[in-house]
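Data first, discussion second: the structure below is written as structure tokens.
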Ligand SMILES: Nc1ncnc2c1ncn2[C@@H]1O[C@H](COP(=O)(O)OP(=O)(O)OP(=O)(O)O)[C@@H](O)[C@H]1O
Ligand SMILES: [Mg+2]
């Protein structure tokens, strides 16, 4: 694995809010991976994600993202990666069409007709054609998730962060989201960082993962989740992959 | 063949050639990269190319967005349409994706001693005041940036926000100012009749209403109605990560959300104040006529003699500053919300308290400055 293939490098990162959540964690994300950040609820997965994308400053340590260096969100700069927040974070006062058009309007030179055609095409690709003029509040949570992923993908980023893309969805809808993730990864070569504790989804999509533990505030395992599931002798890892209620395909 | 080249140095290049094939049918030949950078040129170049065939053999890389626009322009949406041809495998894979039609799928903390809690509250108050001040500074900086990128401000929300704030407050502002004028005149009436100076009621209510009561009552009502609504709205957007969503898209929440709201209040509070002037003076007039037997003609004459345009303008300027303050504090409290839905309610109530406090403080400041300069 050459150094060129590293897309995100995390070194000795310590994060927390009023107390420390993770201490001295280091890992790398490589190009073309579906990288999983796993752990039980409250382990600090979302918090880690917020630090990776530069929404919060680390206590100590470094995050480096290819082509960007230390991630800092700058306004007036075209974003280099797409983000799906846990709740979708679509703007509640805008219709689906306006939500998806927003990044294009801001960051491309496309005229209104082209933006409209493009938004319609993307909505069709994710199976939401016909719902363009609905408000996010009028959609089911699975539809909102798909629309949010589409919005994060509007500017065709090569790197995307997804927080709990399948949480709270029925198994069939969750599987559709997994398909969408695999399509982004395999057909478009997008590198994905996914936060999840959905075992079925992990086994289906994630190629490499880290498992966070809130007691030791560190990474307790790293590798291919399918291998970790059968081969790990660490009780915490075994617990996560076997006791955790989850859909197993 | 006519060539149209998108030549931005360093950017991915796309060449669009339009012509005819051997059979005389329209043909488009593309070479280079189909990306969002080259998509605008592609979209323009292919206007009216609805029936053309398209040779993709020169396309190196293709992103779904640009390819979707190509498909749209050529009207070649059906997965089996073979008018797009010659694509290499990576491009064909994205093309299949673009033309895919998926089925529609549907331990409780012990309370601290009272003194400590009072100290805490004072500390929180100071921290909040400091944050509001810092936010005001941020707004000034953002205003500078907004002047350079006027399109990054969501101007189109301003009329709607003005209307909302105006309609929300109109009835209560009118009624509150009327009652304030009435009350003031009543308080004065017994003294004035005993001194035989009934018509002075016009004089006093006119000046008091335009300079103080109308801007003040309007600001209080707008704070309660629109200030809390704005804080709750932005607070909700904060806890649902909508604000973070804007930031990761490279949009500045200050310009996108705060400016339109502050601006709309700065516009609407003076308008409401002008209207409150009228209802407030009418309150004084009612007392003058009913209680003091001042004839209408005399009331109007007194009013015109005593009331300068300067009083009115000064009142409206004050209203403008109140409007800015309400917007500023409401937005700051809203965006400062952390946690979950229950914190939105706290944001709304602390916003109202902070606004009321700011307005009273400003009113005192204006009075002090006014008397110092003898205004
Ligand atoms: N803004 C914040 N301020 C203070 N504490 C926070 C904040 N955000 C998260 N935390 C705390 O950090 C811890 C980890 O939260 P986080 O949201 O990262 O969990 P998670 O692993 O994503 O869990 P889940 O799977 O339920 O989403 C929790 O104990 C939470 O209370
Ligand atoms: Mg989380």
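Residue numbers (the working numbering), protein chains in the order written: chain X, 30 to 278; chain Y, 125 to 499.
Where is the CB? At the ideal position from N, CA and C, for every residue including glycine.
Is residue 75 of chain X a contact residue of ligand 2, with contact defined as CB to any heavy atom under 7 Å? yes
Between residue 50 of chain X and ligand 1, is there a pair consisting of the residue's CB and a ligand heavy atom that are separated by less than 7 Å? yes
Residue 227 of chain X: beta carbon under 7 Å from a heavy atom of ligand 1? no
Say yes only if the C-beta of residue 243 of chain X is nearer than 7 Å to one or more non-hydrogen atoms of ligand 2, and no if none qualify. no
What residues in the segment 209-223 of chain Y bring their beta carbon closer than 7 Å to a beta carbon of chain X? 217, 218, 221, 222
Output yes if chain Y places a C-beta closer than 8 Å to the C-beta of residue 93 of chain X; else output no. no
Runs of beta strand (DSSP E) lying entirely within the segment 94-133 of chain X, each at least 3 residues, in chain order: 111-113
Based on Cα-Cα distance, which residue from X/58, X/72, X/88, X/116 lies nearest to residue 364 of chain Y? X/116
Consider the C-beta atom of residue 192 of chain X and the heavy atoms of ligand 2; say whether any pair is separated by less than 7 Å. yes
For residue 165 of chain X, count the other beta carbons within 10 Å of its own beta carbon; 16 or more makes it buried, fewer makes it exposed. Which is it? buried
To which residues does DSSP link residue 436 of chain Y through a beta bridge? Looking at the DSSP assignment, residue 436 of chain Y forms no beta bridge with any residue, so it has no partner.
Tell me whether residue 130 of chain Y sits in a helix, a strand or coil according to DSSP, three-state version. Note on residue 130 of chain Y: pLDDT 47, under 50, position unreliable in the model; the coordinate value appears next. If DSSP states are grouped into helix, strand and coil, residue 130 of chain Y belongs with coil.
Residues of chain Y with a CB under 8 Å from the CB of residue 151 of chain X: which are they? 188, 189, 192
Does any C-beta atom of chain Y lie closer than 8 Å to the C-beta of residue 43 of chain X? no
Would the C-beta of residue 161 of chain X count as close to ligand 1, meaning under 7 Å from any of its heavy atoms? no
Short CB-CB distance (under 8 Å) between residue 102 of chain X and chain Y: yes
Residue 195 of chain X: buried (16+ other C-beta within 10 angstroms of its C-beta) or exposed? buried
Quick one, are the C-beta atoms of residue 478 of chain Y and residue 356 of chain Y less than 8 Å apart? no
Distance cut-off 7 Å: residue 214 of chain Y Cβ against heavy atoms of ligand 1: no
Taking just the CA atoms, how far does residue 223 of chain X sit from residue 226 of chain Y? Note on residue 226 of chain Y: pLDDT 49, under 50, position unreliable in the model; the coordinate value appears next. Approximately 23 Å between the Cα atoms of the pair.
Below 9 Å between beta carbons is the criterion; list the residues of the segment 109-124 of chain X that meet it against any residue of chain Y, in chain order. 110, 111, 112, 114, 115, 116, 117, 118, 119, 120, 121, 122
Can you pull the chain Y neighbours of residue 136 of chain X, defined as C-beta to C-beta under 9 Å? 160, 373, 374
Would you mind working out which of Y/160, Y/485, Y/402, Y/392 sits nearest residue 284 of chain Y, comparing C-alpha positions? Y/392
For residue 325 of chain Y, which of helix, strand or coil comes out of DSSP? helix
Three-state secondary structure (DSSP) at residue 80 of chain X? helix
Which chain X residues sit within Cβ distance under 8 Å of residue 273 of chain Y? 105
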